[in-house]
Amino acid sequence: MHKLVLKYKEVSCDTFLQKIVLTDADIKKVEEESKNQHQSYLWHELRYGRVTASRAYDFSRCKTSDGTLIALIMGGKIPDTAAMKRGRLLEDKVRETVSIRLGKKIKKCGLLLSKEYPMIAGSPDGICEDCIIEIKCPISTKTYKNYILDWKPEEMLCADAVTNVFIRNA
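Dropping the structure here:
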C-alpha cells in the first residue's frame, strides 16, 4: 500500500483506487491470516493507508489534510494505553461470555476488506453468521457508567461498529 500511495501521490485519487484490486480469495485469506490482529504483521501492513473502522468517526470530522489523523492512517504509532492493554487482556474471556449469553459461536476476526471499497478496513473483535462484536472493557467509572449502566456508547464507538458492519456486507 505504501508504495502505491507514493507512486500515485501526484495522480488522481480515482487512478490510485483503480490499482487497489481485491479478489474474494484475497479478502478471505487476509481475514484468516490476520486473526491475531495487533500481533499480526499482515494486520498492521494492510491497515496502512486505509481508513479503519476505529478511525471512521475521526475521519468524518477531520478538517485538515495533513494532521495527526492522516499520520495515523499512514502508519504513525498509536500509544499503547492502559485501557488498550486491559481490553486485550480481557477480550478472549469477554468474547466467550458473550458467545454463551447469545447462544452463538462467536469467532475471532481478522482484518475485513471490501472489493467495492478497498480503502476502508475493519477489525471487529468477534464475528458470527448474523452479527459482529466490538468488545469494550471500561477502565474508568465514567466509561463504565456510559457503556454499561446508561447504555450510551460514544458516537465514535457507534461509528466503529457501523463501519465494520458496512465492510462485512459490502
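Whatever position you read off the sequence shown (first residue = 1), add 1152 for the working numbering.
Quick reminder that beta carbons are idealized off the backbone N, C-alpha and C, glycines included.
Cα-Cα separation between residue i and residue j, rounded to whole angstroms
{"i": "K1267", "j": "G1239", "result": "30 Å"}
{"i": "I1291", "j": "D1210", "result": "22 Å"}
{"i": "K1297", "j": "A1235", "result": "15 Å"}
{"i": "D1302", "j": "L1242", "result": "22 Å"}
{"i": "V1377", "j": "Y1269", "result": "The chain is shown only over 1153 to 1322; residue 1377 falls outside these bounds and no answer can be derived."}
{"i": "L1309", "j": "K1171", "result": "31 Å"}
{"i": "E1286", "j": "D1166", "result": "32 Å"}
{"i": "V1250", "j": "T1175", "result": "32 Å"}
{"i": "C1283", "j": "K1256", "result": "10 Å"}
{"i": "G1278", "j": "K1294", "result": "25 Å"}
{"i": "C1280", "j": "L1254", "result": "11 Å"}
{"i": "P1244", "j": "K1288", "result": "The question names Pro, but residue 1244 in the sequence shown is Asp. About 12 Å."}
{"i": "E1248", "j": "V1203", "result": "29 Å"}
{"i": "I1230", "j": "R1207", "result": "12 Å"}
Terminal residues of the alpha helix (DSSP H) in which residue i lies
{"i": "A1177", "result": "D1176 to E1185"}
Under the three-state DSSP convention, the category residue i falls into
{"i": "V1203", "result": "strand"}
{"i": "V1173", "result": "coil"}
{"i": "K1229", "result": "coil"}
{"i": "S1192", "result": "coil"}
Exercise. Kindly confirm or deny that the segment 1172-1192 and the segment 1251-1263 touch, where touching means at least three C-beta pairs closer than 8 Å.
Key: yes
Self-check item: Unbroken stretches of the beta strand (DSSP E), 3 residues or longer, contained in the segment 1254-1321
Solution: 1272-1274, 1278-1280 and 1283-1285
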